[in-house]
Structure formats: structure tokens, C-alpha cells
Amino acid sequence: MIRLVRCAMAALILGCAAGAASAADVPAVEPAPPPPQDFYQPWQVRLRALGVVPTSGGSLSTTGGGFVSNGFRANSTVVPELDISYFFTKNLAIEAICCLTKHNVYLSGGSLSGQRVASALLFPPTVLAQYHWTNFGAFQPYIGVGVNYTHYFSTQPDYFILNTVTIGDSWGIAGQVGFDYMIDEHWGFNFDVKKIMMNPRVTGTIAPGNTSIIGRAALSPWLIGGGITFRFGGAAAPVVAKY
């Protein structure tokens, strides 16, 4: 009887030892440490409804120096806008925006003030360097400054005042202020105001007589937009296995 008890105890001890050895072979999985404080999503895409509000100004005269008008103005419009940003840090980013707008162009001074003289499509890609504040929680304001290049195409004269018209491409400085309100680490809402300095060269001929004209259209529009923000591209924190 004593011998039987001793055998049972020995088997129990050997089984426990084997179980402990087997458990020692399995690594313990610990949760990954929290991401560092400068963790951020480097890529950002926004889709906005954009109100384009040109100003008026410039000048228009004949090539002989005769006065025609104090300048031009263009109608306001609302268009969709897409922008893409890349964050070098959680505060510093670069943004590229693009849209396509169509405008009617009017004279803004002189005896022909208010007369429509042309229509044109505008393609105004703009690149801005930005600083984002991130110490206000979900509310993240920013400012930006950059450069705009605008290409004018499909330009058509009205054929009543102008027989021909050409609007040259323009370069200008752009500035912006805005904010994102982030719902989570990926999605948020955006509001943004930009000012683009736009002063293209205008040439053409007046009807009747085909007298040549030359001038500048100081349109320099305000761009007021609101929409949604999506951020992505941050590396997920790995799971760390501890042996």
C-alpha cells in the first residue's frame, strides 16, 4: 500500500514538472507600449465645397494709351475642391489643392462698366506650407502660405464688345487660415479660408474696328471652403512578445 502511494506521488510530481516546462516554452504576450507623443497620421485628404469670390480691379486700355476701363471683375461660384497634405511632423505639413472653376468676366469701370466681355475656365493648382497647432485637443487650427499658378483656358469673347480676348497664365502668393475638428484619429471636419493673388495679363481686340487692347485683371479671389478630413498612413504599434 505504501509503495502504491509513493508511485502515485512520484507520477504527480513528474506531471507538474512537465507542465511547468511546457508552459515555460510559450512566450508571454504583452500589449504594445502606447505610441509616442509625436505619433501622427502623415497623409491627409480633404473634400470640400469651395466658394470662389473674386475681387475687382486692374486696368484696360488700347495699345495707343486710350482709356477703356478701370479693370475687370468676375462672378462668384461654388465648386468641389480636393486637397492632399503630407505631414513631416505633427505640426508641419505641405498641402496641394486643386479645383476647376468657370467664370464670366465683366468690365468694372468706365462707360462700359458691368458689361460682360468674356468667359473662361480656370485651373489654379496651389501649394502651401502649413503650421498646425495640436494642443487644443480635437480642435486643430492652422495657417499656411504658398504659391499659386493659374492657367486660363477655353476663353471666349462676348463678340459684342470684344472680337478676341486672351487671358495669360499667372503666378501669385497664396495665404490661408483654417481648422480641422477631428472626430477620431482618421476622420474630421474642416473649415478653411484662402486668399490668392491673381493678376493675369489680358489682350484682345475691340469691336468694331479691331483696335488692340491690353490690361491686367486683378481678380485675386477669396476661397472659402468647408468639408471632411481623412487622415491615414500611420504605422500600427506592433505586439511585443516577451520570452
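FYI, the numbering for the sequence shown is -23 to -1, 1 to 220, going by mature numbering (1 follows the signal peptide of the UniProt record, and there is no 0).
Every residue, glycine too, gets a C-beta built ideally from N, C-alpha and C.
Please read these numbers as outputs of a predicted model, since none were measured by experiment.
Sub-8 Å separation of residue i and residue j beta-carbons
i	j	result
threonine 127	aspartate 146	yes
glycine 155	tyrosine 17	no
leucine 27	glutamate 72	no
serine 88	arginine 193	no
threonine 206	aspartate 157	yes
valine 29	valine 56	yes
Bridge partners - residue i, DSSP secondary structure assignment
i	result
phenylalanine 65	Beta-bridge pairing links phenylalanine 65 to no other residue.
valine 179	Ile144 and Gly192
glutamate 72	Ser62 and Leu105
asparagine 167	Asp157 and Gly204
tryptophan 110	Its beta-bridge partners do not exist; DSSP assigns none.
glycine 149	Asn125
residue 223	In the structure as shown, the chain starts at -23 and stops at 220, and residue 223 therefore has no counterpart that could be examined.
alanine 37	Note on identity: in this sequence residue 37 is leucine, with alanine being the wrong assignment. Answer is Ser46 and Gly192, bridged to leucine 37.
tyrosine 83	Arg50 and Arg93
alanine 26	Pro57 and Gly203
glutamine 18	Answer is none; glutamine 18 lacks a bridge partner.
threonine 78	Leu99
proline 118	Phe156
proline 134	Ala95
Whole-Å CB distance - residue i paired with residue j, under 8 Å assumed
i	j	result
threonine 103	isoleucine 74	5 Å
glycine 181	arginine 25	Actually they do not touch by this definition, with Cβ atoms about 34 Å apart.
methionine 159	glutamine 107	16 Å between Cβ atoms; not a contact.
alanine 95	aspartate 135	6 Å
glycine 86	serine 46	5 Å
methionine 174	isoleucine 150	5 Å
Residue i CB to nearest heavy atom of the ligand ZN below 7 Å
i	result
tyrosine 83	Ligands are entirely absent from the displayed structure, and the ligand ZN is therefore not among its contents.
When the options are compared against residue i, the one with the closest alpha-carbon
i	options	result
glycine 42	Ile191, Phe209, Val179 and Phe207	Ile191
phenylalanine 209	His80, Phe100, Glu162 and Ser53	Glu162
phenylalanine 100	Asn125, Ser90, Trp199 and Lys172	Asn125
alanine 97	Leu89, Leu77, Val22 and Asn112	Leu77
alanine 195	Val56, Pro134, Lys79 and Leu84	Leu84
proline 185	Asn140, Ser46, Pro134 and Phe130	Asn140
serine 53	Ala151, Ser33 and Phe64	Ser33
glutamine 153	Ile138, Trp164 and Lys172	Lys172
arginine 178	Pro31, Val22 and Phe49	Phe49
valine 22	Val29, Val56, Tyr63 and Pro31	Tyr63
tryptophan 199	Ala51, Asn167, Trp164 and Thr40	Ala51
lysine 67	Pro19, Lys79 and Val82	Pro19
glycine 123	Phe113, Val142 and Trp148	Trp148
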